[in-house]
Amino acid sequence: MWMKIRRKQPFFQIFLWLYALVSVYPLIWMLFYSFKDNNEIFVTNPFGFPKKLRFENYVSAMTEFNVPKYFLNSVFVSVVTVIGTIAIALLFAYAVARMRFRGKTLAQMYIVIGMFVPVQVIMIPLAILVRDFNLTNTYWSLILPYIAFNVSFSTMVFYGFFRSVPFDLEEAACIDGANIYQTFYRIMLPLVTPAIATMVIFVFLAAWNEFPIALMLISDEDLKTLPLGLLFFQGQFTTDWGAMGAAMTIASLPTVLVYILFSEQVEKAMTVGSAVKG
Amino acid sequence: MNKFLGNKIAITLFIAPALLLFTVLVFWPIVQVFYRSMFEWDGLTEGTFIFLDNYKRMFEDSLFYTSLYNGLIFAVILAVLQISIGTVLALTVSDGLIKGRKILRISYFIPVVLSITVVCQLWLAMYNGEYGLINKIFEALGLSYRQDWLTDSKTAIFAIALVNAWQYMGYHFALLLAAARSIPEQYMEAAKIDGAERWKAHWKVTIPLMAETYKFCLVLAITGGLNAFANMYIMTGGGPGTSTYTLTYMMYRSAFRVGEFGYGSASAAFLVIECLIVTFAINRLIARDRIVY
Amino acid sequence: MKKAMSILLSSVLMFSLAACGGGNDANESADTPANGGEEQTTTLRIYAQYSDEDTKGYYDYAVAELAKEMPNVKLDLEVQAQDDGQKLKSYAATGNLPDIFNAGQDQINLFRKSNNILQLDEYAKKANFEEKMQPSALNTLYSDDQHIYAFPYAGNEFVLLYYNKELFEQNNVKVPTTKEELVTAIQTFQSKGITPMSVFAKEKWITTALYDIFATRYEPKGIKGLDTGETKPSDEAYTKAAQDLIDLVKAGMLPKGVTNLNYDQAAALFHEGKAAMFVNGQWEVEASTKALGDKAGYMYYPAPTAELYEQNKLAFSGGGSPGGFAVSANTKHKDLAAEVASFMALKYAEFKYTQKGSPIVATQVDKEAEKEFDPMMVTLSEDIPNITSTTAFAWGLSNAKFKAAIEDASQNLLVDGYSAEQFISDLESALK
Chain Z
1 MWMKIRRKQP FFQIFLWLYA LVSVYPLIWM LFYSFKDNNE IFVTNPFGFP KKLRFENYVS
61 AMTEFNVPKY FLNSVFVSVV TVIGTIAIAL LFAYAVARMR FRGKTLAQMY IVIGMFVPVQ
121 VIMIPLAILV RDFNLTNTYW SLILPYIAFN VSFSTMVFYG FFRSVPFDLE EAACIDGANI
181 YQTFYRIMLP LVTPAIATMV IFVFLAAWNE FPIALMLISD EDLKTLPLGL LFFQGQFTTD
241 WGAMGAAMTI ASLPTVLVYI LFSEQVEKAM TVGSAVKG
Chain V
1001 MNKFLGNKIA ITLFIAPALL LFTVLVFWPI VQVFYRSMFE WDGLTEGTFI FLDNYKRMFE
1061 DSLFYTSLYN GLIFAVILAV LQISIGTVLA LTVSDGLIKG RKILRISYFI PVVLSITVVC
1121 QLWLAMYNGE YGLINKIFEA LGLSYRQDWL TDSKTAIFAI ALVNAWQYMG YHFALLLAAA
1181 RSIPEQYMEA AKIDGAERWK AHWKVTIPLM AETYKFCLVL AITGGLNAFA NMYIMTGGGP
1241 GTSTYTLTYM MYRSAFRVGE FGYGSASAAF LVIECLIVTF AINRLIARDR IVY
Chain G
2001 MKKAMSILLS SVLMFSLAAC GGGNDANESA DTPANGGEEQ TTTLRIYAQY SDEDTKGYYD
2061 YAVAELAKEM PNVKLDLEVQ AQDDGQKLKS YAATGNLPDI FNAGQDQINL FRKSNNILQL
2121 DEYAKKANFE EKMQPSALNT LYSDDQHIYA FPYAGNEFVL LYYNKELFEQ NNVKVPTTKE
2181 ELVTAIQTFQ SKGITPMSVF AKEKWITTAL YDIFATRYEP KGIKGLDTGE TKPSDEAYTK
2241 AAQDLIDLVK AGMLPKGVTN LNYDQAAALF HEGKAAMFVN GQWEVEASTK ALGDKAGYMY
2301 YPAPTAELYE QNKLAFSGGG SPGGFAVSAN TKHKDLAAEV ASFMALKYAE FKYTQKGSPI
2361 VATQVDKEAE KEFDPMMVTL SEDIPNITST TAFAWGLSNA KFKAAIEDAS QNLLVDGYSA
2421 EQFISDLESA LK
């Protein structure tokens, strides 16, 4: 059947592939960038293959700060954030979307407020809170705010998905004698796996790339996350862009790999999800 | 059923963790922002209570109107571009008729995966008046027009919005794809017809079924636009002059460059209210009843 | 690398000490041979620039000297972020300021109000800091309340208008002294495909300096006068200067898209002979000499008329302001931190003088310069005693509201659709 479509819509096909190319290009561009010096980046060769492969950029990126340590910190913080966010957002969204109690719309609106707040706004109150809870220079000083910030959007997405599941499912479960916890875990969760898988990626990326909060709240060398490594290259007047590119490549390639591997899981989850429902 | 879905203990257990964490770490600081917006305050000392004077001053500040306008432009561009392109791509990839859909699916999301710094640097290079790729393309096409969008105070905000729209289109794509995949198979069958008919079917059947997803895509795009900060911070520093300021940027300038935390809080408070109103309106406009299959 | 090495070294040391100690672990520290009872090392947190060749050079030099002088002090460096002081501010808000931090005028003003910064008068006396100062740089030691809050090192720096002598000669362009001549120069260079003047106008402090160059031709107090309230934006000088800048931009003085050029891009234009003039602080002497050799020079700023040119020839833009290494008011080691802060400041100046070839420092240096002064630096140091007045860099302005306003407004002057009147009214509303 797709043969027919291809013949009929060549322009659409071209558009799809062109758009894909434009989407992937920055990845290639970043790789090139990380091998160049400032002059090549800005003046002589901003877009093409580097004229000379400057591995020294990677050397300085690797030696300037403790890449493996920052990397492990990033992994730890991001993974715990993902687990925490998804778990509490699922519970909350399920209760608000399908259970019966007064004020649930209000509760949902309340949590959504978190989406509107640029983190710069609440940075100082947040820093004071972290100090008052004695969390300064612990992993929790990053993880808890990350969860709190990501819970809004995750809740909203899960809410949407829970709302579109047929309501008679719970009735059936109830008649079968399952309790609410079993229903949630065994019946509802599998139905929203596509959403869960998608949000895992979203939250992971948000935590992985987060800069302002980490800059503000972490000063202990042992706890720093990867984005803070960029600090070592950005001077008051000049910036070593090539080394910064190398650091960014080191920081982003894992996320690209994680995404490629994980999106396969998303796809599988989706197939399972729609099969159950259909 | 009422007892089943109205189980008080379960409800408490389900909503307490999120409410608690959110209230302490996000809501409480917001309350402080509103409270502090009524102070003349440098962020460190006691400060003086001046009630609504910050707001009065803000409504007379031309920077406030520039920021407001830019936020709206940003929001509209994001909403229109991200959702329309996201829809077309998501529906195409989801219907399983396209060859190489796996590669396409992965590609469309790549810009989201990269950090915003990388993407902004790339587009700075693209927009560059002298060495930029966009001008080279114009040249190759034989057009005499040369863009200088980022450094023109009238076009800069559009140029930046385009970058953000492009980078985070993948979010909407992924969300819409997940939604499309959650639609039961029999409804998608209808959309498996050919050509223009297929899009008509999507319009009539698939898209309405995804209303809930559209609701949060819209909220995401619009509030993301009103809140925009990082893109201008990296690409223009709010410039040329003040032409790419947004409310968040205005807050940043007041709080950190000028040291007027109270005044900055006023623009932040305004921003929060603005976003609340928009979200409320979206929730009203898009049917909020559950979809009945 | 250095850090990793030092960690490695110190852990090796620790290990060998432990090994020597053998059985009597308990009194180990008392036993180890040391100079007196001050054996215990103290670690101080320091917040300083450490992000490019330049700033790393200063810091590493000072730390190496510190290790010789005060081996019992260890510094724990936090790299200063380019974040408009956000991080320091939230440190202050949470009472977590590093023991020593690099502070500019704005931090000093803010932190002294909130009692976060240690007043250093006594400590400066103890360290004889004032006697070590260059008399001409005392303005960088005392804040406007006549107290000391930071140990300065930078000295009075200047905004210079650099030019490529060879390009001027090759194209038969007279080094401009008046606006008219500058316009002629612009036209000639343009017709030859050479960028007349390169400026990294993405940074707003340099656009402020560029405006100040023109403002000081009419009113030597420049932007500093506005900052201190000695002059008003409505004074004729400021409108005229804005108009001059607008006219010159219209004439094509700056490259296209100048407000998006960063230092690396703008400097490349000048260093590669693609731009005839360049604006930067005097610290650019080193880089420009390296790139252009004796082709690089600086000119006195062109003025609207020949008369004003002569009159204000040595009224420079730029200047020093209080700033340098400051000490947190909440540090546990006030004496030691102050001592280290003053030491670091002295060593920064020493490095600048001996290694960077710059006589422009805050304190007197008694060591010989290891690098010969670049010719431009020699000329400049001959000019310095004759300088009639200076102003300030954007970061040296004390009125933060005015500073933000002139930074935004001066960048706006470089793009279409912004008039001198708007410029003045924007400044006025910030100074209200």
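Chains Z, V and G supply the protein sequences, listed in that same order.
Residue 75 in my numbering sits at position 75 of the first sequence, with consecutive numbering throughout.
Residue 1020 in my numbering sits at position 20 of the second sequence, with consecutive numbering throughout.
Residue 2187 in my numbering sits at position 187 of the third sequence, with consecutive numbering throughout.
The beta carbon of each residue, even a glycine, is placed where N, CA and C say it ideally should be.
query                                                                                                                                                                                   : result
Can you list, in chain order, the residues of its chain whose CB lies under 6 Å from that of Ser2010/G, leaving out five sequence neighbours each side?                                 : With a pLDDT of only 42 at Ser2010/G, under the threshold of 50, the placement of this residue in the model should not be trusted, and no figure is reported.
Are the C-beta atoms of Thr238/Z and some chain G residue less than 7 Å apart?                                                                                                          : yes
Quick one: what does DSSP say Tyr2300/G is sitting in, helix, strand or coil?                                                                                                           : coil
Would you list, in chain order, the members of the segment 99-125 of chain Z that have their beta-carbon closer than 8 Å to a beta-carbon of chain V?                                   : Met99, Arg100, Phe101, Ala107, Met109, Tyr110, Ile111, Val112, Ile113, Gly114, Met115, Phe116, Val117, Pro118, Gln120, Val121, Ile122, Ile124, Pro125
Identify whether Ile143/Z lies in helix, strand or coil by the three-state DSSP scheme.                                                                                                 : helix
Could you tell me the distance, in whole angstroms, from the CA atom of Val2415/G to the CA atom of Gly2297/G?                                                                          : 28 Å
Label Gln2080/G either buried or exposed according to how many other C-beta atoms from any shown protein chain fall within 10 Å of its C-beta, with 16 as the threshold for buried.     : buried
I'd like the list of long-range same chain contacts for Ser1037/V, defined as Cβ closer than 6 Å, with 5 residues on each side in sequence excluded.                                    : Asn1054, Ser1265, Ala1266, Ala1269
Val285/Z by DSSP, collapsed to three states: which one?                                                                                                                                 : Past the edges of chain Z, shown from 1 to 278, lies residue 285/Z, and the structure says nothing about it.
Contact defined as beta carbons within less than 8 Å: I believe Ala2215/G pairs with Ala2237/G. What is the distance between those atoms, to the nearest angstrom?                      : 6 Å
DSSP beta-bridge partners for Ala2315/G?                                                                                                                                                : Ser2389/G
Can you confirm whether Asp1148/V, when its beta carbon is compared against all beta carbons of chain G, has any partner nearer than 7 Å?                                               : yes
Consult DSSP for Glu2065/G and reduce its assignment to one of helix, strand or coil.                                                                                                   : helix
Beta-carbon of Gly235/Z versus every beta-carbon of chain G: anything under 7 Å?                                                                                                        : yes
Whose C-alpha, out of Val1119/V, Met1251/V, Ala1140/V, is nearest the C-alpha of Gln2086/G?                                                                                             : Met1251/V
Do Tyr2436/G and Ala2349/G have their C-beta atoms closer together than 7 Å?                                                                                                            : For residue 2436/G there is no data in the structure shown, the boundaries of chain G being 2001 and 2432.
For the segment 35-54 of chain Z, enumerate the residues whose C-beta is nearer than 7 Å to any C-beta of chain V, in chain order.                                                      : Val43, Pro46, Phe47
Output yes or no for whether 7 Å exceeds the beta carbon distance between Thr81/Z and Ile122/Z.                                                                                         : no
Are Glu1212/V and Arg163/Z closer than 7 Å when you measure CB to CB?                                                                                                                   : yes
Determine, for Pro1029/V, whether the minimum Cβ-Cβ distance to residues of chain G falls below 7 Å.                                                                                    : no
In three-state DSSP terms, what is Val2365/G?                                                                                                                                           : coil
Give me whichever residues DSSP pairs with Gly2324/G in a beta bridge.                                                                                                                  : Ala2103/G
By DSSP, does Tyr280/Z sit in helix, in strand, or in coil?                                                                                                                             : The structure shown does not extend to residue 280/Z, since chain Z spans only 1 to 278, so no value can be given for it.
Mapping DSSP to helix, strand and coil, what is Gly2281/G?                                                                                                                              : strand
Between Tyr94/Z and Ile1083/V, what straight-line distance do the alpha-carbon atoms span, to the nearest angstrom?                                                                     : 26 Å
Hey, could you find the ends of the alpha helix (DSSP H) Ser2234/G is sitting in?                                                                                                       : Premise fails: Ser2234/G is in no alpha helix (DSSP H) and is neither H nor E.
In three-state DSSP terms, what is Asn2171/G?                                                                                                                                           : coil
Going by DSSP, what residue range makes up the beta strand (DSSP E) through Ile2046/G?                                                                                                  : 2042-2048
With contact counted as at least three CB pairs below 8 Å, one residue from each stretch, are the segment 105-122 of chain Z and the segment 1274-1289 of chain V in contact?           : yes
Measuring straight from C-alpha to C-alpha, what distance separates Ser2114/G and Thr1045/V?                                                                                            : 5 Å
Just curious, the beta strand (DSSP E) that Pro2196/G is in, first and last residue?                                                                                                    : 2195-2198
According to DSSP, what are the bridge partners of Gly2178/G?                                                                                                                           : Rather than Gly, the amino acid found at residue 2178/G in this sequence is Thr. Bridge partners of Thr2178/G: Ala2303/G.
Comparing the C-beta of Gly2417/G with each C-beta of chain V, is any distance below 7 Å?                                                                                               : yes
With DSSP collapsed to three states, give me the class of Val96/Z.                                                                                                                      : helix
Taking one C-beta from the segment 2055-2071 of chain G and one from the segment 2094-2110 of chain G each time, how about it: are there three or more such pairs within less than 8 Å? : no
For Ala1140/V, count the other beta carbons within 10 Å of its own beta carbon; 16 or more makes it buried, fewer makes it exposed. Which is it?                                        : exposed
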